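K.L.:
All you need for the numbering used here is the position in the sequence shown, starting with 1, plus 152.
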Amino acid sequence: MLRLITAGESHGRGLVGIIEGVPANLEISADYINRQLYRRQQGYGRGGRMKIETDKVEILSGVRHGRTLGSPISLVVWNRDFANWGEKMSADPVAAEIEKVVVARPGHADMVGKYKYAFDDVRNVIERASARETAMRVALSAIARKLLADLGIRIGGHVLSIGAVGFRDRDSLDRMLAKLMGRKNGAEEISDATDESEVRCLDEVLAEKMVQQIRRAKKLGDTLGGVVEVFVTGLPIGLGSYVEFDRKLDGQLAQALMSVQAIKGVEIGEGFRNATRFGSEVHDEILVRKKRIFRPTNRAGGLEGGVTNGQPLWVRAAMKPISTLMKPLRSIDLSSMKQVEARRERSDFCAVPAAAVVAENAVAPVLANAVLEKFGGDNIVELRDRYSKEAFFG
Ligand code: EPS
153 MLRLITAGES
163 HGRGLVGIIE
173 GVPANLEISA
183 DYINRQLYRR
193 QQGYGRGGRM
203 KIETDKVEIL
213 SGVRHGRTLG
223 SPISLVVWNR
233 DFANWGEKMS
243 ADPVAAEIEK
253 VVVARPGHAD
263 MVGKYKYAFD
273 DVRNVIERAS
283 ARETAMRVAL
293 SAIARKLLAD
303 LGIRIGGHVL
313 SIGAVGFRDR
323 DSLDRMLAKL
333 MGRKNGAEEI
343 SDATDESEVR
353 CLDEVLAEKM
363 VQQIRRAKKL
373 GDTLGGVVEV
383 FVTGLPIGLG
393 SYVEFDRKLD
403 GQLAQALMSV
413 QAIKGVEIGE
423 GFRNATRFGS
433 EVHDEILVRK
443 KRIFRPTNRA
453 GGLEGGVTNG
463 QPLWVRAAMK
473 PISTLMKPLR
483 SIDLSSMKQV
493 EARRERSDFC
503 AVPAAAVVAE
513 NAVAPVLANA
523 VLEKFGGDNI
533 VELRDRYSKE
543 AFFG
């Protein structure tokens, strides 16, 4: 089974991570991982930090001559910005007086972190709560993504809306998505197409409106959230299980997505819309076409009973607006308990395009884990062999 752990502060020396349980002999390179890191750094609405960093991974262990060894794989991404934060983030005590952060930003972990860990400096909270952690999560998850890709399981995401600007005509979007997913690389074609857009939107006109909306937010000293959508193609029937609550794949996917910083809502398929309809308008009929199972619709999002049903997996995640506002909300000075304005600090105005990349990668370890659970294998050849013999697609 796959285990992942990340460590690292936003302005510390670097981000480190370990992924354990990857079968031996999987072809993987720093370049493959770096492509996902590069994609995560893009997007209109990012702040100054992304101009400082060019996130690149170093593989410290678990890989030899481009192939995994079956041992834990450890990675590091150095923070370039650490050069500007040396004393402030030093692991050793420093002689200099370091100014403490005492004002919390509403919506951030600042206040709760201060009380939970009994800090007198909110900086200790900011550093680990930051979405910078997602750089390492993406790096580790990229390895799981590669494992899935080797089995023909492809992942792709796009931005559905930013603020109030988003797709209205679901049918035409679905046609566009179906066309892309029908191509050679399945759902990955969605990602490739959105790589062309600075807001990861599949509609150029809408993309321009999204950019304008972010520009407006920036001018107003405000921030914007949005909704991202992820699809996965090539999944067999039977990943996950209904037999116990913690083995349900929908629950595991929701956890993986919900734990991404600023994600506040997760939906599988048309989850919320389905709740407004009659059952007869919701459930995807089971038909036979050319002796194969055929589902004319996919409102369930590729999962029934917490188990993959052979349809593309379809999940959505809602991101709240980033909580650092240049036009601050009211807050308190946590040392004096005086009413003040929340603290400003360099941040993004909108990170929804980056969240689409994070969400794509966040689902990968969950699915790779489910694949390993069902098919197993100590090396990729064994896994591929079992998979090709046993995987049932309907
Ligand atoms: C991020 C790096 C951070 C922020 C952002 C995510 O860099 P800095 O704090 O130095 O500007 O840009 O983090 C947040 C939005 C947050 O609230 O913590 C990154 O690498 O993605």
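Ideal placement from N, C-alpha and C gives every residue a C-beta, glycine not left out.
These figures come from a predicted structure and were not determined experimentally.
Kindly indicate which residue of V174, K490, A506 and F501 has the alpha-carbon position closest to the one of R367.
P.N.:
The shortest C-alpha separation from R367 is found at F501.
K.L.:
Nearest by alpha-carbon distance to P464: which of M288, I420, E493 and F234 is it?
P.N.:
Comparing Cα-Cα distances from P464 to each of M288, I420, E493 and F234, the minimum goes to I420.
K.L.:
Measuring only the C-alpha atoms, how far is Q491 from V254?
P.N.:
Cα to Cα, the separation comes out at about 12 Å.
K.L.:
What residue ranges within the region 410-481 form continuous beta strand (DSSP E) runs of no fewer than 3 residues, ordered along the chain?
P.N.:
Fully enclosed beta strand (DSSP E) runs of 3 or longer: 415-420, 439-441, 444-446 and 465-471.
K.L.:
Just the C-alpha distance for P505 and D485, rounded to the nearest angstrom, thanks.
P.N.:
Straight-line Cα distance between these residues: approximately 33 Å.
K.L.:
Evaluate G218 with the Cβ neighbour count: other Cβ atoms within 10 Å of its Cβ, from every protein chain shown; 16 or more gives buried, anything less gives exposed.
P.N.:
Its Cβ having fewer than 16 others within 10 Å, G218 is exposed.
K.L.:
In the region 187-239, which residue ranges form an unbroken beta strand (DSSP E) of at least 3 residues, counting only runs that do not cross its ends?
P.N.:
Complete beta strand (DSSP E) runs here, min 3: 209-213 and 225-230.
K.L.:
Whose CA, out of Q193, P175, R198 and T460, lies closest to the CA of I474?
P.N.:
Residue R198 is the option with its Cα nearest to I474.
K.L.:
Restricting to Cα atoms, I'd like to know which of V518, M202, F234 and V509 is closest to V379.
P.N.:
For the residues V518, M202, F234 and V509, the minimum Cα distance to V379 belongs to V509.
K.L.:
I'd like to know whether the C-beta atoms of V351 and L189 end up nearer to each other than 8 Å.
P.N.:
Contact: no.
K.L.:
Taking all protein chains shown into account, decide if S349 is buried (16 or more other Cβ within 10 angstroms of its Cβ) or exposed.
P.N.:
Buried, because 16 or more other Cβ atoms sit within 10 Å of the Cβ of S349.
K.L.:
Does the distance between the C-beta of I474 and the nearest non-hydrogen atom of the ligand ADP fall short of 7 Å?
P.N.:
No copy of the ligand ADP appears in this structure; the ligands present are the ligand EPS.
K.L.:
Using the rule of at least 16 other Cβ atoms within 10 Å of the residue's Cβ for burial, across every protein chain shown, is N236 buried or exposed?
P.N.:
That one is exposed.
K.L.:
By Cβ distance, which residues of its chain are closer than 6 Å to T385, with the 5 residues on each side in sequence left out?
P.N.:
Excluding residues within five positions, the ones whose Cβ falls inside 6 Å are R306, M333, G338, A339 and P464.
K.L.:
Expressed to the nearest angstrom, what Euclidean distance is found between the alpha-carbon atoms of D374 and V382?
P.N.:
Each residue's Cα considered, the two are about 27 Å apart.
K.L.:
Can you tell me the Cβ-Cβ gap for D273 and K252, rounded? I've got them flagged as a contact below 8 Å.
P.N.:
Contact flag correct, Cβ pair sits at about 4 Å.
K.L.:
Consider the C-beta atom of G197 and the heavy atoms of the ligand EPS; say whether any pair is separated by less than 7 Å.
P.N.:
No, the beta carbon of G197 sits no closer than 7 Å to any heavy atom of the ligand EPS.
K.L.:
Identify whether L496 lies in helix, strand or coil by the three-state DSSP scheme.
P.N.:
The identity of residue 496 in the sequence shown is Arg, whereas the question assumes Leu. Three-state DSSP puts R496 in coil, outside helix and strand.
K.L.:
For D233, is the beta carbon positioned less than 7 Å from some heavy atom of the ligand EPS?
P.N.:
Result yes, Cβ under 7 Å from the ligand EPS.
K.L.:
Please work out which residues of its chain come closer than 7 Å, Cβ to Cβ, to N426, disregarding the five sequence neighbours upstream and downstream, and give them in chain order.
P.N.:
Cβ within range, chain order: V434 and R451.
K.L.:
DSSP three-state call for V351: helix, strand or coil?
P.N.:
Coil at V351, not helix or strand.
K.L.:
For G546, does the count of other Cβ atoms within 10 angstroms reach 16, so buried, or fall short, so exposed?
P.N.:
Per the 10 Å Cβ criterion, exposed.
K.L.:
For T220 and N177, what's the separation of their Cα atoms in angstroms?
P.N.:
Looking at the two C-alpha atoms, the distance is approximately 5 Å.
K.L.:
Where D270 and K336 are concerned, what is the direct C-alpha to C-alpha distance, given to the nearest angstrom?
P.N.:
Sequence inspection shows Ala at residue 270; the Asp mentioned does not correspond to that position. Whole-angstrom Cα-Cα distance: 53 Å.
K.L.:
Is it buried or exposed, L156, if we count other Cβ atoms within 10 angstroms and call 16 or more buried?
P.N.:
So L156 counts as buried.
K.L.:
Is the beta carbon of L227 sitting closer than 8 Å to the one on L292?
P.N.:
The answer is yes: Cβ separation under 8 Å.
K.L.:
What is the residue span of the beta strand (DSSP E) that T385 lies within?
P.N.:
From DSSP, the beta strand (DSSP E) with T385 extends over G378 to T385.
K.L.:
Given 8 Å as the limit, is there contact between the region 384-402 and the region 522-537, that is, 3 or more CB pairs closer than that?
P.N.:
Touching, yes.
K.L.:
Can you tell which of R257, A296, N231 and D262 has its C-alpha closest to the C-alpha of E172?
P.N.:
Of R257, A296, N231 and D262, the residue nearest in Cα terms is A296.
K.L.:
Can you look up A406 in the DSSP assignment and give me helix, strand or coil?
P.N.:
Helix.
K.L.:
Which ranges would you report for the beta strand (DSSP E) in the region 267-331 if only whole runs of at least 3 residues count?
P.N.:
The region 267-331 contains these whole beta strand (DSSP E) runs: 306-314.
K.L.:
To which residues of the same chain is A159 closer than 6 Å at the C-beta, ignoring the five residues directly before and after it?
P.N.:
Contacts found: V168.
K.L.:
Would the beta-carbon of A508 be found less than 7 Å away from any heavy atom of the ligand EPS?
P.N.:
Checking every heavy atom of the ligand EPS against the Cβ of A508, none is found closer than 7 Å.
K.L.:
Taking its Cβ as the centre, do 16 or more other Cβ atoms sit within 10 Å of P245, making it buried, or is it exposed?
P.N.:
Burial call: exposed.
K.L.:
Within 8 Å, do at least three Cβ pairs link the region 353-365 to the region 309-318?
P.N.:
The region 309-318 is in contact with the region 353-365.
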